[in-house]
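Residue numbers (the numbering used here), protein chains in the order written: chain A, 8 to 336; chain B, 8 to 336. We put the CB at the ideal spot given by N, CA and C, even for glycine.
There are 2 protein chains.
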Amino acid sequence: MATIKEIADMANVSRTTVSRVLNDSGYVSKDVRQRIMKVIEETGYVPSEHAKSLRTKKTKVIGVILPKISTETSSRLVAGIDDILSEKGYQILLANTNLDQEKELEFIKLLKVRQVDGIILTATNVNERLVQQINKTDIPLIVIGQEVDSVSNVLYDDYHAARAVVSLFIQKGHEAISFIGVDESDVAVGHLRKKGYIDEMTQHGLTVEDTWIQKGIFDIESGYEAMKKIIETSTHTPTAIFAVTDRLAVGAINYLKEKGYQIPEDMAIAGIGASEISQYVNPPLTTVDYQNEAAGKAAAKLLIESIETNKKEPKKITLDYRLLVRDSV
Amino acid sequence: MATIKEIADMANVSRTTVSRVLNDSGYVSKDVRQRIMKVIEETGYVPSEHAKSLRTKKTKVIGVILPKISTETSSRLVAGIDDILSEKGYQILLANTNLDQEKELEFIKLLKVRQVDGIILTATNVNERLVQQINKTDIPLIVIGQEVDSVSNVLYDDYHAARAVVSLFIQKGHEAISFIGVDESDVAVGHLRKKGYIDEMTQHGLTVEDTWIQKGIFDIESGYEAMKKIIETSTHTPTAIFAVTDRLAVGAINYLKEKGYQIPEDMAIAGIGASEISQYVNPPLTTVDYQNEAAGKAAAKLLIESIETNKKEPKKITLDYRLLVRDSV
DNA sequence: TTTTGATGTGGAATCGATTCCACATTGTAC
DNA sequence: GTACAATGTGGAATCGATTCCACATCAAAA
């Protein structure tokens, strides 16, 4: 791989001049410029990014920290991010925490060392140490999906989405509505969606039995188990189930079908996420579309803005959701 | 961000010595080592990757070129790759071609410039220019899913998988088996799977009518259209459908259901890919599991081996497949 | 006592770019 | 004809590490 010096020698000019052509800065005469261009063409020379980064402190790389790579949410998000970023000549450096909280911290450090121009963090739960680490990071950083005061966020409207789902059930005449959630340390999915559920119920004067609220851990299996618990332990069997993710809902459906329940006649059910399977379960699942790709795009745009203008004040964007009403209610 | 010089000054030693501690190479006395360590601790110093890369020509970054980010295949693949890579301290730099052939070439160049330590390329179709570009790349490179002579490959056994599916149909008594494929410029998915289909049919002395073979373009919609064509144009309506991807199969199912066909009674159907929806369509789809995650892992291992041993001879790995027989046949 | 080899440390070149400054040439206005 | 700005080019420092080589100690071997 050739270097700028070699190009300079071949074109009989100094490195400075080659550099000028490369970045078209400063004055270079037509003649010289063409001579240099020609040499560059012929040799297929491309400047080393590392040398450039070392000097300029810019890398054109954005670090993206994900809780898990192989989920629809993540891959849609990344698709959205990449869509905007690639347009602006940035590339994505992937960091997969595999739901390990420690790794979030580690990766932020690692990405700093690599001098990425910016970081997009999809956080699951936000603890004190993470916030500290975020605050002492001078690299532009966007957090998706969870609120962190000091930086820009792209947020889903978990609270209102949850209320909308419950509201739909109530409209359809349901009163005994049960809930499958996740741990509340996940503020967005665990806490806010639950709060939406509780508030909507309360506002309509509906009571919630303790056994109607169960927890899972994001996978289909635990949705099945949660549903089982609800059915087996409730004195009043509910007539509707609100699961905070589609996968949990699918698990619940599996259990209900196994026990001979008709959906939606015997039990209505809805999830959140608009995952692909939600269309193909039987009956098609009512869900909320969070438009992750749009979220990714929004985050990328925020980040680029922040990088290019070097502005500090954090912006908060709350995205729209769409309730997809299908046959499961 | 501190530099090695500052650390050296604070510890009253030379940069050389600090570097020695950092990489534990050469001789450093206990005293000095501890003194330096202490300063490093206190300042939270971490060496700049760029300066390091500039000097050592190593980046601990692997470029991964994907045809499309947000597909199950890709995300599983990446998950597998990351699994192995992160263990060895490598990170992934993502490059998404969005099915644009030109971009494959571009990205290979770009990744070179960024001096990645290796490249994993998931190619869709392999043309002359791509092979040329690959050959003149001195960076270790693995191609997944398509055969390229000069480099290491991780391959799916498309041909035999296709035969296995067709064989299953035949076993179940089907003779009129039709085929929904994709363009044959995609050697693996388009050509090999078709060849497997044809060969298996021929070997059993079964004839294939022209109209039984239709093409789609990887999405559900085109599966629907292909199925429609088969039904509408065939003089002999087939009794089984082999679609080369699950999505195509799902599209076909949608059409068949719409027209009142019972699956598998009136029409048996199978796909390839073991995508998540394949479990949740009704009836569950018979398909082939290619274990993409395993493929990703295999590719990553090959790549690391190639990087660390600096060996050249290309290796070919053909992965196992599993036929998942479900209610659709 | 001298040699030798292991141990310990620093100086300075190097990687491949960018960029500040100095200097040279040309054109234009007074 | 002089002054001054605009234009064009190169020298050399710089970014932050690694690494070759030289040099200094010191203990054990000859």
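Discussion item. Comparing C-alpha positions only, which one of B:Gln108, B:Thr24, B:Asp165 sits nearest to B:Ala196?
Written reply: Here residue 196 of chain B refers to the residue found at position 189 when the second sequence is read from its first residue. A small fix is needed here, since residue 196 of chain B is Val in this sequence, not Ala. Minimum Cα distance to B:Val196 is reached at B:Asp165.
Item to complete: Quick one: give me the first and last residue of the beta strand (DSSP E) that B:Phe186 is part of.
Response: Residue numbering aside, residue 186 of chain B sits at position 179 when the second sequence is read from its first letter. Note, B:Phe186: beta strand (DSSP E), 184-188.
Discussion item. Output needed in chain order: residues of the stretch 116-128 of chain B with a Cβ under 8 Å from some Cβ in chain A.
Written reply: Lys116, Leu117, Lys119, Val120, Arg121, Gln122
Worksheet item: Just the Cα atoms here: how many angstroms apart are B:His198 and B:Asn134?
Response: As a first step, residue 198 of chain B must be located in the second sequence, where it is residue number 191. As a first step, residue 134 of chain B must be located in the second sequence, where it is residue number 127. Each residue's alpha carbon lies about 14 Å from the other.
Practice prompt. Could you tell me whether any Cβ in chain A is nearer than 8 Å to the Cβ of B:Arg333?
Written response: Counted from its first residue, the second sequence places residue 333 of chain B at position 326. For B:Arg333, the answer is no, since every Cβ of chain A falls outside 8 Å of its Cβ.
Worksheet entry | beta-carbon A:Asp217 near the ligand SAH non-hydrogen atom, thresh 7 Å | This structure simply doesn't include the ligand SAH, nor any ligand for that matter.
Item to complete: Leaving aside the five residues before and after A:Asn160 along the sequence, list all residues of the same chain whose C-beta is less than 6 Å from its C-beta, in chain order.
Response: The residue labelled residue 160 of chain A in the question sits at position 153 within the first sequence. Once the five neighbours on either side are set aside, the close Cβ partners of A:Asn160 are Val150, Glu154, Lys323.
Item to complete: With a 10 Å radius around its C-beta and 16 neighbouring C-beta atoms as the bar for buried, classify B:Asn103 as buried or exposed.
Response: Residue numbering aside, residue 103 of chain B sits at position 96 when the second sequence is read from its first letter. Label assigned to B:Asn103: buried.
Worksheet item: Which chain B residues sit within Cβ distance under 9 Å of A:Ile284?
Response: Taking the first residue of the first sequence as position 1, residue 284 of chain A is located at position 277. Those are Glu283, Ile284, Gln286, Tyr287, listed as they occur along chain B.
Fill in: B:Ile88 (DSSP reduced to helix, strand or coil)
As a position in the second sequence, residue 88 of chain B is number 81, starting the count at 1. Correct three-state label for B:Ile88: helix.
Worksheet item: Cβ of B:Ala259 less than 8 Å from any chain A Cβ?
Response: Translated into the one-based positions of the second sequence, residue 259 of chain B becomes position 252. No, B:Ala259 lies away from the interface with chain A (no Cβ there is under 8 Å from its Cβ).
Worksheet item: Taking three-plus beta-carbon pairs below 8 Å as touching, is the stretch 304-316 of chain A in contact with the stretch 86-102 of chain A?
Response: yes
Discussion item. Just list the residues that DSSP pairs A:Gln221 with in beta bridges.
Written reply: Numbered from 1 along the first sequence, position 214 holds the residue referred to as residue 221 of chain A. The partner list for A:Gln221 (beta bridge, DSSP) reads A:Ile187.
Discussion item. Just to confirm the assignment: which complete alpha helix (DSSP H) runs, minimum length 4, are found wholly within the stretch 101-172 of chain B?
Written reply: 108-120, 135-142
Discussion item. Helix, strand or coil, according to DSSP, for B:Lys236 in the structure here?
Written reply: Stepping through the second sequence from its first residue, residue 236 of chain B is reached at position 229. If DSSP states are grouped into helix, strand and coil, B:Lys236 belongs with the helices.
Item to complete: Pull up the distance between the alpha-carbon of A:Gly223 and that of A:Ile238, whole angstroms please.
Response: Taking the first residue of the first sequence as position 1, residue 223 of chain A is located at position 216. Taking the first residue of the first sequence as position 1, residue 238 of chain A is located at position 231. Each residue's Cα considered, the two are about 15 Å apart.
Worksheet item: Is it true that the CB of A:Tyr287 sits closer than 8 Å to the CB of B:Ile284?
Response: Translated into the one-based positions of the second sequence, residue 284 of chain B becomes position 277. Translated into the one-based positions of the first sequence, residue 287 of chain A becomes position 280. Yes, these two residues count as a Cβ contact at 8 Å.
Worksheet entry | Buried or exposed (CB count within 10 angstroms, at least 16 for buried), A:Gln178 | If you number the first sequence from 1, residue 178 of chain A lands on position 171. Answer is exposed; the Cβ neighbour count stays below 16.
Worksheet item: Does the stretch 263-277 of chain A come close enough to the stretch 237-254 of chain B that 3 or more CB-CB pairs lie under 8 Å?
Response: no
Worksheet item: When you check each C-beta in the stretch 55-70 of chain A against every C-beta of chain B, which residues fall closer than 8 Å?
Response: Ser55, Glu56, His57, Ala58, Ser60, Leu61, Thr66, Val68
Item to complete: Would you check if the distance between the CB atom of A:Ile99 and the CB atom of A:Val71 is smaller than 8 Å?
Response: The residue you call residue 99 of chain A lines up with position 92 of the first sequence. The residue you call residue 71 of chain A lines up with position 64 of the first sequence. Yes, the pair counts as a contact, with Cβ atoms nearer than the cut-off.
Item to complete: Take the Cβ of B:Glu56 as the centre, count every other Cβ of all protein chains shown within 10 Å, and call the residue buried at 16 or more, exposed below.
Response: As a first step, residue 56 of chain B must be located in the second sequence, where it is residue number 49. B:Glu56 comes out buried.
Worksheet item: Could you give the distance in angstroms between the alpha-carbon of A:Ala302 and the alpha-carbon of A:Gly87?
Response: Here the question's residue 302 of chain A lines up with position 295 in the first sequence. Here the question's residue 87 of chain A lines up with position 80 in the first sequence. Those two C-alpha atoms are separated by around 7 Å.
Discussion item. Measuring straight from C-alpha to C-alpha, what distance separates B:Met234 and B:Tyr262?
Written reply: Looking up residue 234 of chain B in the second sequence gives position 227. Looking up residue 262 of chain B in the second sequence gives position 255. Spanning the two alpha carbons is a distance of roughly 7 Å.
Worksheet item: In the structure shown, what three-state DSSP assignment does A:Val295 receive?
Response: Along the first sequence, read from residue 1 onward, the residue named residue 295 of chain A stands at position 288. Strand, per DSSP.
Worksheet item: In chain order, what residues of the stretch 153-169 of chain B put their CB closer than 8 Å to some CB of chain A?
Response: none
Discussion item. Just to confirm before moving on: does the CB-CB distance between A:Arg136 and A:Leu112 stay below 8 Å?
Written reply: Along the first sequence, read from residue 1 onward, the residue named residue 136 of chain A stands at position 129. Along the first sequence, read from residue 1 onward, the residue named residue 112 of chain A stands at position 105. The answer is yes: Cβ separation under 8 Å.
Worksheet item: Whose Cβ in chain A lies nearer than 9 Å to the Cβ of B:Asn103?
Response: Within the second sequence, residue 103 of chain B is the residue found at index 96, counting from 1. Neighbours of B:Asn103 on chain A, chain order: Val85, Ala86, Asp89, Asp90, Ser93, Ile99.
Item to complete: Assess, as a yes-or-no matter, whether the stretch 208-222 of chain A is touched by the stretch 31-50 of chain B under the definition of 3 or more beta carbon pairs within less than 8 Å.
Response: no
Fill in: With 16 other Cβ atoms within 10 Å as the buried cut-off, status of A:Lys264
Numbered from 1 along the first sequence, position 257 holds the residue referred to as residue 264 of chain A. Classification for A:Lys264: exposed.
Worksheet entry | is_contact[B:Ile224, chain A] using C-beta, thresh 8 Å | Within the second sequence, residue 224 of chain B is the residue found at index 217, counting from 1. Chain A contact via Cβ: absent.
Item to complete: Would you please verify whether the beta carbon of A:Val53 is less than 8 Å from any beta carbon of chain B?
Response: If you number the first sequence from 1, residue 53 of chain A lands on position 46. For A:Val53, the answer is yes, since a Cβ of chain B falls inside 8 Å of its Cβ.
Worksheet item: chain B partners of A:Ile76, CB-CB under 8 Å?
Response: Position 69 of the first sequence, counted from the first residue, corresponds to residue 76 of chain A. In chain order: Ser82, Val85, Ala86, Asp89.
Practice prompt. Name the two residues that bound the continuous alpha helix (DSSP H) containing B:Arg257.
Written response: Taking the first residue of the second sequence as 1, we reach residue 257 of chain B at position 250. It is Val, not Arg, that sits at residue 257 of chain B in the sequence shown. Here the alpha helix (DSSP H) through B:Val257 covers 253-265.
Discussion item. For B:Thr80 and A:Asn30, what's the separation of their Cα atoms in angstroms?
Written reply: Here residue 80 of chain B is taken as the residue at index 73 of the second sequence, counted from 1. Here residue 30 of chain A is taken as the residue at index 23 of the first sequence, counted from 1. If you take the alpha carbons of B:Thr80 and A:Asn30, they lie about 39 Å apart.
Discussion item. Quick check: the Cα distance between B:Asn289 and A:Val257, rounded to an integer number of angstroms?
Written reply: The residue labelled residue 289 of chain B in the question sits at position 282 within the second sequence. The residue labelled residue 257 of chain A in the question sits at position 250 within the first sequence. B:Asn289 and A:Val257: Cα-Cα distance of roughly 14 Å.
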